[in-house]
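Presented below is the structure to which this report refers.
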Amino acid sequence: MRYSDLGSNWVARNADYKLEYDDVSNMPYVYFSKTDLMAIRRGDSIRIQQTTGIYFPTLELWKGRGGKVAWNDRFELNEQVFVEFPDTFSIQMNTSLYEVRQAKLTYTSYFGNEKIDGKFQDKLTGQVANGEIAFPVFESSEDVLKIDNIGKGIYFTGGFRLNGLTVYGYGTKTNRATLEIFDDQEKNLLFRGRSELVIIKRGDNLVGDQVEAVIYNGQDSIYHPSVSVRFNIGEKELQLKRGKRGSDRNPFLVLATK
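The sequence shown begins at 28 in my numbering and counts up by one.
In structure tokens form, the structure reads like this:
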């Protein structure tokens with residue numbers, strides 16, 4: 028569909044197509060009833076499975092409906108993580124990045140069989156400084172999602188973003204995400220943190236900066252308005268550390284509850 032020595036190359040993996048002509052726009056196009064689309068560049072590749080659409084070669088533009096992108100195409104995973112495109116979308120094929128504003132994510136570890144609405148992006152050679160692949164990206168439309176299977180007694184409420192394999196729980200300045208940790212019986216609240224961003228590694232650890240944190244101990248509590256938090260899920264070890272920013276330098280406060 029598109030060939031470039033230096034840029035992105037796009038391939039339709041289906042020989043069943045029709046060459047048509049649009050009398051309104053006076054442009055030729057290629058119609059695919061169902062195909063896999065692949066983009067290849069510099070050893071990296073992305074794939075959209077089983078999509079329907081038309082391709083305008085003079086514009087290097089794809090207009091499609093439906094399709095699926097699986098994280099397993101890029102990463103070795105023991106479960107299915109994928110997004111589906113229920114509506115129409117378009118791709119400008121002379122670029123390495125495309126976006127689908129209405130997508131549905133399936134990620135059974137966090138949401139079971141529930142499909143999460145949100146925005147999806149994918150990009151060729153989308154690596155960050157440490158060499159990790161930062162794409163595909165999915166960001167939920169809902170900012171009050173509840174995740175209760177991060178680890179025993181751990182509950183998160185906020186938005187959900189997936190960058191490659193890294194999961195972020197996010198909030199806003201006015202509506203921050205909430206992380207709560209309970210005891211083994213899940214009856215007594217031990218910790219509550221509110222933050223704009225938390226990195227979630229299921230079964231491993233939770234990391235957040237500038238977290239408004241409260242540790243509960245019986246009738247007393249320890250409070251800090253902005254602290255770095257790290258919680259080791261396996262060891263059940265919580266670390267709080269002050270940073271160097273203004274609010275980070277505030278002391279920890281011990282509050283008594285009457």
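Backbone N, C-alpha and C define an ideal beta-carbon position, used for all residues, glycine too.
The C-beta separation of F165 from V110 comes to about 6 Å, placing the pair in contact by the 8 Å criterion.
For S117, the closest of Q148, E103 and E106 by C-alpha to C-alpha distance is Q148.
Between R269 and V254, the CB-CB gap stays under 8 Å.
Bounds of the alpha helix (DSSP H) holding F138 are T135 to F138. In this structure, Y243 sits near F218, with a CB-CB distance shorter than 8 Å. The C-alpha of E223 is placed about 5 Å away from the C-alpha of T199. The beta carbons of Y134 and V108 sit about 5 Å from each other, so the pair counts as a contact at 8 Å.
Distance from the CA of A97 to the CA of R69, rounded to the nearest whole angstrom, comes to 20 Å.
When the beta-carbon positions are compared, G185 and T201 stay at least 8 Å from each other.
Closest in C-alpha terms to G145, from the list A161, S136, E159 and E126, comes E126. DSSP places G273 outside any beta strand (DSSP E), giving it a letter other than H or E. Less than 8 Å separates the beta-carbon of E159 from that of G191. The alpha-carbon separation between R74 and Y44 amounts to approximately 18 Å. Its chain contains I242, F279 and V281 as the residues whose beta carbon lies nearer than 6 Å to that of I249, once the 5 sequence neighbours on both sides are disregarded; these appear in chain order.
According to DSSP, residue pairing for I260 in a beta bridge does not occur. Here N99 carries a helix assignment [DSSP, helix/strand/coil]. If you look at R29, you'll find it isn't in any beta strand (DSSP E); DSSP assigns it neither H nor E. By the criterion of a C-beta distance shorter than 8 Å, L88 is surrounded in its chain by Y82, S117, I118, Q119 and M120, once the five residues flanking it on both sides are discounted. Secondary structure of G220 (DSSP, three-state): strand. Looking at the DSSP output, L280 sits in a beta bridge with Y250. Rounded to the nearest whole angstrom, the C-alpha separation of G94 and E262 is 41 Å.
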